[in-house]
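Novice:
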Amino acid sequence: MKGNPLASPWFTQDEATFLGELSTLDLENSDFTKSIDSCSSANQRKVHSLTVCISDNTNDDDTDSSEDVNTTSSSSTTSNVLVIVGAVVGGLLILGGIILAGIWVYKRRSRKPKNRHSKIVRESYFGGVSPPLARSPADKGYRGGRRTPVSGGPRFCANDYDEDSNYSPRISTRSTHSNNSSTAYSLWNDEELLSLQVRYEEIEDIGTIGSGAFGVIWLVKYRGSQLLASKRLRSDQVTKQRTQAFIEEIKMVAPFDHPNIVRLVGCAWTIESDLQALFEYMENGDLRDYLVDPSSPRHWSQELLQLAVDIIEALVYVHSFTPPLVHRDLKSRNVLLSGDMKAKVTDFGASRYKSVDETMTAAVGTGRWLAPEVISGSSKYDQSVDVFSFGVVLSEMDTHTIPYDDVRGANGNRLNDIAILQLVAMGQLRPRFGASCPPELRMLAERCLAQNPDERPPAHVVAYELRVIQRSHYTLL
Numbered sequence: 001m002k003g004n005p006l007a008s009p010w011f012t013q014d015e016a017t018f019l020g021e022l023s024t025l026d027l028e029n030s031d032f033t034k035s036i037d038s039c040s041s042a043n044q045r046k047v048h049s050l051t052v053c054i055s056d057n058t059n060d061d062d063t064d065s066s067e068d069v070n071t072t073s074s075s076s077t078t079s080n081v082l083v084i085v086g087a088v089v090g091g092l093l094i095l096g097g098i099i100l101a102g103i104w105v106y107k108r109r110s111r112k113p114k115n116r117h118s119k120i121v122r123e124s125y126f127g128g129v130s131p132p133l134a135r136s137p138a139d140k141g142y143r144g145g146r147r148t149p150v151s152g153g154p155r156f157c158a159n160d161y162d163e164d165s166n167y168s169p170r171i172s173t174r175s176t177h178s179n180n181s182s183t184a185y186s187l188w189n190d191e192e193l194l195s196l197q198v199r200y201e202e203i204e205d206i207g208t209i210g211s212g213a214f215g216v217i218w219l220v221k222y223r224g225s226q227l228l229a230s231k232r233l234r235s236d237q238v239t240k241q242r243t244q245a246f247i248e249e250i251k252m253v254a255p256f257d258h259p260n261i262v263r264l265v266g267c268a269w270t271i272e273s274d275l276q277a278l279f280e281y282m283e284n285g286d287l288r289d290y291l292v293d294p295s296s297p298r299h300w301s302q303e304l305l306q307l308a309v310d311i312i313e314a315l316v317y318v319h320s321f322t323p324p325l326v327h328r329d330l331k332s333r334n335v336l337l338s339g340d341m342k343a344k345v346t347d348f349g350a351s352r353y354k355s356v357d358e359t360m361t362a363a364v365g366t367g368r369w370l371a372p373e374v375i376s377g378s379s380k381y382d383q384s385v386d387v388f389s390f391g392v393v394l395s396e397m398d399t400h401t402i403p404y405d406d407v408r409g410a411n412g413n414r415l416n417d418i419a420i421l422q423l424v425a426m427g428q429l430r431p432r433f434g435a436s437c438p439p440e441l442r443m444l445a446e447r448c449l450a451q452n453p454d455e456r457p458p459a460h461v462v463a464y465e466l467r468v469i470q471r472s473h474y475t476l477l
């Protein structure tokens, strides 16, 4: 209140008592326009550092004060007290508002996802068919009908054929094509990502079903009933570059609408470091686990042939884009199986659209499934590298073993990956097929594995020939 022009230091007895009870009163007599000298000494009272005049005292000696003065003094002192009280109350309200706003911001930033440490329910991972998922704004491609229960996404390990997990994701740390400037980026300002957002509160963690160097896959329950696979970056591995790569992958797969590609349901976050992508959950794991299962048929059954058709149909779809999308990491671990044994391709974290100048990132993918030109470090390759990888997958499906698992060196020991890749790059080594492999299928696979990319058939040709083989062998398989 100090420095504000007030009329006079005349107060009633009650007003003076109120001011005296304040813990602090920063007023002096110099702050008033009227001097205290006109008040009789009998009516003067000390309040903190201020001398006030008690205007309602009955004092016979106060002959200096007239009725007009007392009336004016009473009115002015009442006004002064109202100003002081109003200022104090207003200050307290402003201070309280600032404190409440600070508490709200702190709680919002420190809010953690619920059920992060919930008990793992492995029965839910492999068991049961999930009920339909109610349509959300993110499900733009959904046209009604029963949803296929859903699966995990990309992997993180280079040697995926040694993994124990069905969903061991890998996030590419590649640079981005957009939003890669030094300016601030926020998920809340990304309209494309916001269109895919689902309610974070409707996601309940069940347990982890896979992890890798940079990420983790959680089995979650969405809207209380639908099982989904939630892909996330590990909390200790979150960087701007990895987060942006994750965002780019989500945007890439969001418009995919094909029965043989794992579907993205949506994404959710509370803060940028806890972004998660929700994919279909595939109850039957991946193709590699299916092939090593002793109960799986050892020959080319109708079911196995159909899985091969499913995989190549996914490649036909992405290769039909303009420009074509190259998966670049096709292998048995990146083929997931639904409850009704439909194969769906996943992990588009390494995928790229073919550039106008024909150049691509060199040495991307998992070693034993790579085409020779990729192993050699060439950046001039196209979608034919996926066809080569599909040929390697066909050898897995035929032998039920990891590619080149039977290759031995001069000393009888297994060759290491570097030696194997060198031989593949030079055209001196290809994955083997068993004696029981149908001849037509083997010949098709060998064309897919051609050293020269131009000699490999395009995906749509492979799909057609596979269906011909499937029909011709229907009564025999």
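Once you know that position 468 of the sequence shown is 468 in the numbering used here, the rest is easy, because the numbers rise by one and skip nothing.
Here a beta-carbon is modelled for each residue, glycine too, at the ideal position from N, C-alpha and C.
1) Would you kindly work out how many angstroms separate the C-alpha atoms of Pro-457 and Glu-440, rounded to a whole number?
2) Taking only the alpha-carbon atoms, compute the straight-line gap between Leu-194 and Glu-396 and give it to the nearest angstrom.
3) Starting from Gly-210, follow its DSSP beta bridges and name the residues at the other end.
4) Val-461 and Val-385 - do their beta-carbons sit closer together than 8 angstroms?
5) Looking at Phe-321 and Glu-249, is the spacing between their C-beta atoms short of 8 angstroms?
6) Excluding sequence positions up to five away, which residues of its chain have a Cβ less than 6 angstroms from the Cβ of Ala-314?
7) DSSP state of Glu-303, grouped into three classes?
8) Quick one, are the C-beta atoms of Pro-431 and Ile-469 less than 8 angstroms apart?
9) Please name the residue or residues paired with Ile-261 in a DSSP beta bridge.
10) My understanding is that Val-316 touches Ala-459, with C-beta atoms under 8 angstroms, so please give their C-beta distance in whole angstroms.
11) Which value, in whole angstroms, describes the spacing of the CA atoms of Asp-289 and Leu-336?
12) Answer with buried or exposed for Trp-188, where buried requires no fewer than 16 other C-beta atoms within 10 angstroms of its C-beta.
13) How about the region 390-405 and the region 283-301: do they share at least three Cβ pairs that are nearer than 8 angstroms?
14) Keeping to the same chain, check which residues put their C-beta closer than 6 angstroms to that of Ser-472; ignore five residues upstream and five downstream.
15) If you follow the alpha helix (DSSP H) that Ala-425 is in, where does it begin and where does it stop?
16) Contact defined as beta carbons within less than 8 angstroms: I believe Glu-283 pairs with Gly-212. What is the distance between those atoms, to the nearest angstrom?
17) Measure the alpha-carbon distance for Gly-412 versus Tyr-404 and round it to whole angstroms.
18) Using 10 angstroms around the beta-carbon of Asn-416, count the other beta-carbons present and answer buried if the total reaches 16, otherwise exposed.
19) Assuming Val-216 and Thr-208 form a contact by the criterion Cβ under 8 angstroms, report the distance between their Cβ atoms to the nearest whole angstrom.
20) Using the beta-carbon count (16 or more within 10 Å), is Gln-428 buried or exposed?
21) Spell out a yes or no on whether the region 273-287 and the region 223-242 are touching, meaning 3 or more CB-CB pairs, one atom from each, closer than 8 angstroms.
22) With 16 other CB atoms within 10 Å as the buried threshold, where does Thr-33 fall?
23) Among the candidates Ala-42, Ala-350, Val-198, whose CA atom is the shortest distance from the CA of Thr-270?
24) Quick check on DSSP: helix, strand or coil for Gln-13?
25) What does a CB cutoff of less than 6 angstroms around Ser-389 pick up in its chain, not counting 5 residues either side in sequence?
26) Enumerate in chain order the residues of its own chain whose CB-to-CB distance from Lys-112 is below 6 angstroms, with the five nearest sequence positions on each side excluded.
27) Return the CA-CA distance between Leu-307 and Ile-375, expressed in angstroms with no decimal places.
28) Which residues in the same chain as Gln-13 place their Cβ atom closer than 6 angstroms to its Cβ, once the five residues preceding and following it in sequence are excluded?
29) In the DSSP assignment, find the beta strand (DSSP E) that holds Val-47 and state where it starts and stops.
30) Just how far apart, CA to CA, sit Gln-237 and Val-88?
31) Suppose the cutoff is 6 angstroms on Cβ atoms and the five residues either side in sequence are ignored; what does the same chain contact list for Lys-114 look like?
32) In the DSSP assignment, what are the bridge partners of Gly-266?
33) For Cys-448, report the span of its beta strand (DSSP E) as first-last.
34) Could you give the C-beta distance for Val-292 and Leu-278, rounded to a whole number, given that I count them as a contact under 8 angstroms?
35) Quick one, which of Ile-84, Gln-44, Glu-15, Asn-43 has its alpha-carbon nearest Leu-27's?
36) Compute the Euclidean distance between the alpha carbons of Ala-410 and Thr-243, then round it to the nearest angstrom.
Specialist: The answer reads as follows:
1) Residue 457 sits at position 457 when you count from the first residue of the sequence shown. Residue 440 sits at position 440 when you count from the first residue of the sequence shown. Those two C-alpha atoms are separated by around 14 angstroms.
2) For the purposes of this step, residue 194 is taken as residue 194 along the sequence shown, with counting starting at 1. For the purposes of this step, residue 396 is taken as residue 396 along the sequence shown, with counting starting at 1. Near 40 angstroms, if we compare the C-alpha coordinates of Glu-396 and Leu-194.
3) Numbered from 1 along the sequence shown, position 210 holds the residue referred to as residue 210. DSSP lists Ile-217 as partners of Gly-210.
4) Start at 1 with the first residue of the sequence shown, and residue 385 comes out as number 385. Start at 1 with the first residue of the sequence shown, and residue 461 comes out as number 461. No, the Cβ-Cβ distance between Val-385 and Val-461 is not below 8 angstroms.
5) Working through the sequence shown from its first residue, we reach residue 249 at position 249. Working through the sequence shown from its first residue, we reach residue 321 at position 321. Cβ distance not < 8 angstroms, so Glu-249 and Phe-321 don't count as in contact.
6) Along the sequence shown, one-based indexing puts residue 314 at 314. These residues qualify, in order along the chain: Asn-260, Ile-261, Val-345.
7) Against the sequence shown, residue 303 aligns to sequence position 303. Glu-303: helix per DSSP, three-state reduction.
8) Taking the first residue of the sequence shown as position 1, residue 431 is located at position 431. Taking the first residue of the sequence shown as position 1, residue 469 is located at position 469. Not in contact: Pro-431 and Ile-469 (Cβ atoms no closer than 8 angstroms).
9) Translated into the one-based positions of the sequence shown, residue 261 becomes position 261. Answer is Val-345, bridged to Ile-261.
10) Locating residue 316 in the sequence shown gives position 316, where the first residue counts as 1. Locating residue 459 in the sequence shown gives position 459, where the first residue counts as 1. Contact flag correct, Cβ pair sits at about 5 angstroms.
11) Locating residue 289 in the sequence shown gives position 289, where the first residue counts as 1. Locating residue 336 in the sequence shown gives position 336, where the first residue counts as 1. Approximately 10 angstroms, taken between the alpha carbons.
12) Translated into positions along the sequence shown, residue 188 becomes position 188. Exposed, since its Cβ has fewer than 16 Cβ neighbours within 10 Å.
13) yes
14) Reading the sequence shown from its first residue, position 472 is the one you call residue 472. Correct list: empty, nothing qualifies.
15) Translated into the one-based positions of the sequence shown, residue 425 becomes position 425. Its alpha helix (DSSP H) spans residues 417-425.
16) Start at 1 with the first residue of the sequence shown, and residue 283 comes out as number 283. Start at 1 with the first residue of the sequence shown, and residue 212 comes out as number 212. Cβ atoms of Glu-283 and Gly-212 stay farther apart than 8 angstroms, at about 21 angstroms.
17) Indexing the sequence shown from 1 puts residue 412 at position 412. Indexing the sequence shown from 1 puts residue 404 at position 404. In a straight line, the C-alpha of Gly-412 is about 14 angstroms away from that of Tyr-404.
18) Residue numbering aside, residue 416 sits at position 416 when the sequence shown is read from its first letter. When all chains shown are included, Asn-416 counts as exposed.
19) Residue mapping note: residue 216 aligns to position 216 of the sequence shown, counting from 1. Residue mapping note: residue 208 aligns to position 208 of the sequence shown, counting from 1. Right, the Cβ-Cβ distance comes to about 6 angstroms (below 8 angstroms), so this counts as a contact.
20) Here the question's residue 428 lines up with position 428 in the sequence shown. By the neighbour-count rule (16 or more Cβ atoms within 10 Å), Gln-428 is not buried but exposed.
21) yes
22) Translated into the one-based positions of the sequence shown, residue 33 becomes position 33. Exposed, because fewer than 16 other Cβ atoms sit within 10 Å of the Cβ of Thr-33.
23) The count along the sequence shown starts at 1 and reaches residue 270 at position 270. Minimum Cα distance to Thr-270 is reached at Val-198.
24) Taking the first residue of the sequence shown as position 1, residue 13 is located at position 13. Gln-13 falls in the helix class under three-state DSSP.
25) Here residue 389 refers to the residue found at position 389 when the sequence shown is read from its first residue. Correct list, in chain order: Leu-330, Trp-369.
26) Working through the sequence shown from its first residue, we reach residue 112 at position 112. For Lys-112, the predicted structure reports a pLDDT of 43, less than 50, and the residue's modelled location is therefore unreliable. A value from the coordinates is still provided. None.
27) Position 307 of the sequence shown, counted from the start, is the residue given in the question as residue 307. Position 375 of the sequence shown, counted from the start, is the residue given in the question as residue 375. Cα to Cα, Leu-307 sits roughly 27 angstroms from Ile-375.
28) Your numbering for residue 13 matches position 13 in the sequence shown. Taken in chain order, the residues that qualify are Ile-54, Asp-56.
29) On the sequence shown, residue 47 is found 47 positions in, with the first residue counted as 1. Val-47 -> beta strand (DSSP E) spans 44-47.
30) Position 237 of the sequence shown, counting from 1, holds the residue named residue 237. Position 88 of the sequence shown, counting from 1, holds the residue named residue 88. In a straight line, the C-alpha of Gln-237 is about 50 angstroms away from that of Val-88.
31) Taking the sequence shown and counting its residues from 1, the one referred to as residue 114 is at position 114. Note that Lys-114 scores a pLDDT of 41, beneath 50, so its modelled location is shaky; the value from the coordinates is reported in the next line. Excluding residues within five positions, none has a Cβ falling inside 6 angstroms.
32) In the sequence shown, the residue the question calls residue 266 occupies position 266. DSSP, once it has assigned bridges, lists Leu-278 as partnering Gly-266.
33) Residue 448 sits at position 448 when you count from the first residue of the sequence shown. Where Cys-448 is concerned, there is no enclosing beta strand (DSSP E), although the alpha helix (DSSP H) it sits in stretches over 439-448.
34) As a first step, residue 292 is located in the sequence shown; it is residue number 292 there, counting from the start. As a first step, residue 278 is located in the sequence shown; it is residue number 278 there, counting from the start. Going by Cβ atoms, the distance from Val-292 to Leu-278 rounds to 28 angstroms, so no, they are not a contact pair.
35) Counted from its first residue, the sequence shown places residue 27 at position 27. With distances taken between Cα atoms, Leu-27 lies closest to Ile-84.
36) Residue 410 sits at position 410 when you count from the first residue of the sequence shown. Residue 243 sits at position 243 when you count from the first residue of the sequence shown. Using only the alpha carbons, I get a separation of about 46 angstroms.
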